[in-house]
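Taking it in order: structure first as structure tokens, then the write-up.
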Amino acid sequence: MRLTDLLGAEVVDQAGRSAGKVHDVRLVQDGPLVGGFGAALRVDGLIVGRRAVGARLGYERRTMGGPLLVKLAAGWLRHDGRYVAWDRVRAIEPDRIHISGSADDLPRPAAPQ
Amino acid sequence: MKRLLSVALGILTAIGGFVDIGDIVANTETGARFGMSLAWVVVVGVVGICLFAEMAGRVATVSGRAVFDLVRERLGARLALVNLLASFFITFLTLAAEIGGVALAIELATSVNYLLFVPVVAVAVWLVIWRVKFDLMENVFGLLGLALVVTAVALWRLHPDWGGLLGGAVHPAVPQGEGHPSWWYFAIALLGAAMTPYEVFFFSSGAVEEGWSRADLITNRLNVYIGFPLGGLLSLALMAGATLFLEPRGIEPGHLSQAALPTMLALGKLGLAVLLLGFFAATFGAALETGLSCGYSIAQYFGFQWGKFVRPADAPRFHLVAMVAVAAGALLVLTTLDPITVTEYSIVLSAAALPLTYLPILVVANDPDYMGDKVNSRFTNALGTVYLLLLGVVAVATIPLMVLTKAGS
Amino acid sequence: MAGRVLEAALQLLDRQLVDKHGRLAGKVDDLELTFPEGGGPPQVTAILAGPGALSRRLGGRFGARLEAVANRLREGDDDHPARVPFAVVAEIGSAIGLGVAKAELETDRLEAWTRDHLIGRLPGAGDAPD
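Protein chains in written order, with our numbering: chain A, 1 to 113; chain P, 1001 to 1409; chain R, 2001 to 2130.
Right under this line is the structure:
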């Protein structure tokens, strides 16, 4: 499977309601050891949102400075992020991911580093 | 002392390297039709290019990464590809225009048809890209480009009505017989000529080519803030010359020789010879820069090794792209498509492509992970935002105006 | 570096690959995710780079054409994009640093082909810039 098979896929709950599209995939470095790299990167969950995001300008990080207007625009774009932990993923189809439970009880993603 | 000399060299090179065929054509045509009423656009354009060139140079110096590399990282592959295709196409058009410009300059000097020189020029441009060291290339053509100062000298010698010239510039008004749409269209062309996308690609890649470090940041600022405005003055000298000679006679410059008229009339054959040297250096230098920029943008988007600071064998695809671009540019000129027309389209389209190019630069220049403590100041951010908004408006207005005015005719 | 958290699209995708000599070796065009045998969430096993991987991301007819060109230029390989096993990744920063020289990577094939058949044949190609 490729990362881009996940990105942009529609996330649908058991009732068929959409939770948005996959904007990003969170990885945690706690898998088995891999060669010179160390612990492997394991998929932890999906960051999902309704608005189409075309740019990864970097404003998710709190340290990021920037022109006010661009910051506000970027903030509005990312405002609706939700987190789907991997254990809630039931099935992966082309462009569609089925999750357990309801689209309404997804937590917000914890702040990234 | 040595430090002072190298700073002076950098500034002089920046002045001489500022003008290219786009500036020559835009300023001469504007002066002939609209007098000095659009001089303010040159000022706006120069401030804009100073702002973003300094930013792009600073980003490349501190982070070691050139513009297009960061464009893809910040916009994502798809949006950056749209940007790449547009920027590459425009840079390629500009390259063809510059090759044509070199050939035209030689034609003016020799009275031999410019088409015959095109293959020679193309081969010469490629050879310099292939073999000549980066800073030697920049210094030689930058300094030779200073010959264009003769336009300012000619203007001085003609004892023009400075008050009239200044008045026309400071109180901009659409002249009799010209429509507002055309006026705005030429404003866009002038802006695009001053702020071409290839300049930031070249400037930021050049910072990496020359191995600039943080110690060079001040030199970078001096080159930009002193060199570019003085170069802009040369553009205005061309505009003023056209205002004085071509506008009253109703001559619409369609040929490079007309841009040379004021200098020839003021300083005779010697002045003309110096001017042609300046035209040659400016266009040849710009052909080198656009050829390299074609290579830089493609290589930096796809991530393969680029630059003249490595052996050609270590950057094969980069050199291949540059070589093919120069050859294709020459072929385009050989189709007898008028180089002046190609220039006109390239500068207008340049203006339309600027927002997507400048946005990632503005963003990355604020990123402390890349810039450390060298992030933008509040003032730079405010000015940068104003320019982005302005360029957005320009981008939207360009094609409709082009259609409305039938490309400024 | 145990437990480090990364966001794939933000911090890995479209980043520059730099080999152990500081040479540029392509971009992260995609990531290969593999489900481990014992079950559980997938792991990142490789970086995919080159026209084969990029074409999938861009999609559409343009993407398919890129892939066709790449397949023609690669010597006798089957239909897979060039992969950089994650084991050779040395560090993840603003660029992705690799622990090997780029000549050892599959992603270098197109570059090597261009060097061997085109650019490398021109006089002066091997001369260091003075």
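Idealized CB from N, CA, C, for every residue including glycine. Remember, predicted model here, so these are calculated numbers, not experimental data.
Original post:
Within this structure, are the beta carbons of F1068 of chain P and Q1300 of chain P separated by less than 7 Å?
Top reply: Within the second sequence, the letter at position 68 stands for residue 1068 of chain P. Within the second sequence, the letter at position 300 stands for residue 1300 of chain P. Q1300 of chain P sits close to F1068 of chain P, with the two beta carbons spaced by under 7 Å.
Original post:
Measuring CB to CB, does A2053 of chain R end up less than 7 Å from D24 of chain A?
Top reply: Counting from one through the third sequence, the residue named residue 2053 of chain R turns up at place 53. Counting from one through the first sequence, the residue named residue 24 of chain A turns up at place 24. No; because the gap between Cβ atoms is not below 7 Å, this pair is not in contact.
Original post:
What runs of the beta strand (DSSP E), each 3 residues or longer, lie entirely inside the stretch 1211–1285 of chain P?
Top reply: Here no run is fully enclosed.
**OP:** Report yes if the CB atom of G49 of chain A is closer than 7 Å to the CB atom of G101 of chain A, and no otherwise.
**Re:** Working through the first sequence from its first residue, we reach residue 49 of chain A at position 49. Working through the first sequence from its first residue, we reach residue 101 of chain A at position 101. Against a cut-off of 7 Å, the Cβ pair of G101 of chain A and G49 of chain A comes out as no contact.
**OP:** Tell me, please, whether the stretch 1223–1239 of chain P touches the stretch 1367–1381 of chain P by the rule of three or more beta-carbon pairs shorter than 8 Å.
**Re:** no
Original post:
What residues in its chain sit with their C-beta under 7 Å from that of L1158 of chain P, if we drop five residues either side in the sequence?
Top reply: Against the second sequence, residue 1158 of chain P aligns to sequence position 158. Here the set comprises L1244 and A1266.
Subject >> Cβ separation of S2094 of chain R and Y1185 of chain P, assumed to be a contact under 8 Å, to the nearest whole Å >> reply: Counting from one through the third sequence, the residue named residue 2094 of chain R turns up at place 94. Counting from one through the second sequence, the residue named residue 1185 of chain P turns up at place 185. Rounded, the Cβ-Cβ distance is 41 Å, inconsistent with contact.
Original post:
So is T1357 of chain P in contact with chain A if we call contact Cβ pairs under 7 Å?
Top reply: On the second sequence, residue 1357 of chain P is found 357 positions in, with the first residue counted as 1. With 7 Å as the cut-off, T1357 of chain P does not count as an interface residue toward chain A.
**OP:** Using the Cα positions of L2017 of chain R and A1077 of chain P, report the straight-line distance between them to the nearest angstrom.
**Re:** Indexing the third sequence from 1 puts residue 2017 of chain R at position 17. Indexing the second sequence from 1 puts residue 1077 of chain P at position 77. Looking at the two C-alpha atoms, the distance is approximately 15 Å.
Subject >> 7 Å CB neighbourhood of L1075 of chain P in its chain, flanking five on each side removed >> reply: Working through the second sequence from its first residue, we reach residue 1075 of chain P at position 75. The answer, listed in chain order, is N1083 and P1360.
Subject >> Within 7 Å, strictly: CB atoms of P1355 of chain P and A1322 of chain P >> reply: Residue 1355 of chain P sits at position 355 when you count from the first residue of the second sequence. Residue 1322 of chain P sits at position 322 when you count from the first residue of the second sequence. No, the Cβ-Cβ distance between P1355 of chain P and A1322 of chain P is not below 7 Å.
**OP:** Please list, in chain order, all residues of the same chain as F1034 of chain P whose beta carbon is under 7 Å from its beta carbon, the five residues on each side excluded.
**Re:** Mapped onto the second sequence, residue 1034 of chain P falls at position 34. Answer for F1034 of chain P: P1175, E1178, W1183 and F1186, listed in chain order.
Subject >> Cβ-based burial, H1180 of chain P [other Cβ within 10 Å; buried from 16] >> reply: In the second sequence, residue 1180 of chain P corresponds to position 180, counting from 1. So H1180 of chain P counts as exposed.
Original post:
Measuring CA to CA, which of A:D13, A:G66, A:R42 and A:Y83 is closest to V2006 of chain R?
Top reply: Residue 2006 of chain R sits at position 6 when you count from the first residue of the third sequence. The sequence shown places Leu at residue 2006 of chain R, not Val. The option with the nearest alpha carbon to L2006 of chain R is A:R42.
Subject >> Per-residue DSSP class, three states only, for Q113 of chain A >> reply: Start at 1 with the first residue of the first sequence, and residue 113 of chain A comes out as number 113. Reliability fails at Q113 of chain A, whose pLDDT of 43 lies under 50, so the model's placement of it is uncertain and the value that follows must be treated cautiously. In the three-state DSSP reduction, Q113 of chain A falls in the coil class, being neither helix nor strand.
Original post:
So what does DSSP say about A2090 of chain R, is it helix, strand or coil?
Top reply: As a working note, residue 2090 of chain R is residue 90 in the third sequence. Three-state result, A2090 of chain R: strand.
Subject >> Residue interval of the alpha helix (DSSP H) (run including E1029 of chain P) >> reply: Counting from one through the second sequence, the residue named residue 1029 of chain P turns up at place 29. Per DSSP, E1029 of chain P belongs to the alpha helix (DSSP H) from I1021 to F1034.
Original post:
What's the gap between the Cα of V1112 of chain P and the Cα of L1276 of chain P?
Top reply: Position 112 of the second sequence holds residue 1112 of chain P. Position 276 of the second sequence holds residue 1276 of chain P. Each residue's alpha carbon lies about 14 Å from the other.
**OP:** Spell out whether any CB of chain A is found under 7 Å from the CB atom of Q2016 of chain R.
**Re:** Here residue 2016 of chain R is taken as the residue at index 16 of the third sequence, counted from 1. Chain A contact via Cβ: absent.
**OP:** Give a yes or no on whether 7 Å exceeds the smallest Cβ distance from G36 of chain A to chain R.
**Re:** One-based indexing of the first sequence puts residue 36 of chain A at position 36. At least one chain R Cβ lies under 7 Å of G36 of chain A.
Original post:
Any idea what DSSP makes of F1304 of chain P, helix, strand or coil?
Top reply: In the second sequence, the residue the question calls residue 1304 of chain P occupies position 304. DSSP places F1304 of chain P in strand when its eight states are reduced to three.
**OP:** Ignore the nearest five residues each way along the sequence and tell me which others in L1349 of chain P's own chain have a CB closer than 6 Å to its CB.
**Re:** Translated into the one-based positions of the second sequence, residue 1349 of chain P becomes position 349. I1090, listed in sequence order.
Original post:
Secondary structure at P2085 of chain R, three-state DSSP: helix, strand or coil?
Top reply: Counting from 1 along the third sequence, the entry for residue 2085 of chain R is found at position 85. The answer is strand: DSSP assigns P2085 of chain R an E or B state.
Subject >> DSSP-derived helix/strand/coil call for G2124 of chain R >> reply: Indexing the third sequence from 1 puts residue 2124 of chain R at position 124. G2124 of chain R falls in the coil class under three-state DSSP.
Subject >> Which listed residue (P:G1192, P:L1148 and P:M1264) has its alpha carbon closest to that of T1398 of chain P >> reply: For the purposes of this step, residue 1398 of chain P is taken as residue 398 along the second sequence, with counting starting at 1. The shortest Cα separation from T1398 of chain P among P:G1192, P:L1148 and P:M1264 belongs to P:G1192.
Subject >> Sheet register partners of L2033 of chain R (DSSP bridge) >> reply: Taking the first residue of the third sequence as 1, we reach residue 2033 of chain R at position 33. Per DSSP, R:V2044.
Original post:
In this structure, does DSSP put S18 of chain A in helix, strand or coil?
Top reply: Walking along the first sequence from the start, residue 18 of chain A turns up at place 18. The answer is strand: DSSP assigns S18 of chain A an E or B state.
Original post:
Under the three-state reduction of DSSP, which class applies to V12 of chain A: helix, strand or coil?
Top reply: Along the first sequence, read from residue 1 onward, the residue named residue 12 of chain A stands at position 12. Strand.
Original post:
When the Cβ atoms of the stretch 1031–1046 of chain P are set against those of the stretch 1334–1342 of chain P, are three or more pairs found closer than 8 Å?
Top reply: no
Subject >> Backbone CA spacing between F1018 of chain P and A1282 of chain P [nearest angstrom] >> reply: Numbered from its first residue, the second sequence carries residue 1018 of chain P at position 18. Numbered from its first residue, the second sequence carries residue 1282 of chain P at position 282. Cα to Cα, the separation comes out at about 8 Å.
Original post:
CB-CB under 7 Å to S1297 of chain P, same chain, minus the five flanking residues each way: which ones, in chain order?
Top reply: Taking the second sequence and counting its residues from 1, one reaches residue 1297 of chain P at position 297. So the list reads F1068, L1084, S1087, F1088, T1091 and F1201, once near-sequence residues are dropped.
Original post:
If T1013 of chain P sits next to W1212 of chain P, beta carbons under 8 Å apart, how far is it from one beta carbon to the other, in whole angstroms?
Top reply: Residue numbering aside, residue 1013 of chain P sits at position 13 when the second sequence is read from its first letter. Residue numbering aside, residue 1212 of chain P sits at position 212 when the second sequence is read from its first letter. About 14 Å separates the beta carbons of T1013 of chain P and W1212 of chain P, which is beyond the 8 Å limit, so they are not a contact pair.
Original post:
If we cut at 7 Å on Cβ distances, does M2001 of chain R have a partner in chain P?
Top reply: The residue labelled residue 2001 of chain R in the question sits at position 1 within the third sequence. Note that M2001 of chain R scores a pLDDT of 44, beneath 50, so its modelled location is shaky; the value from the coordinates is reported in the next line. Not one chain P Cβ lies under 7 Å of M2001 of chain R.
**OP:** Counting only runs of 4+ residues fully inside the stretch 1030–1098 of chain P, write out the alpha helix (DSSP H) ranges in chain order.
**Re:** 1039–1063 and 1067–1075
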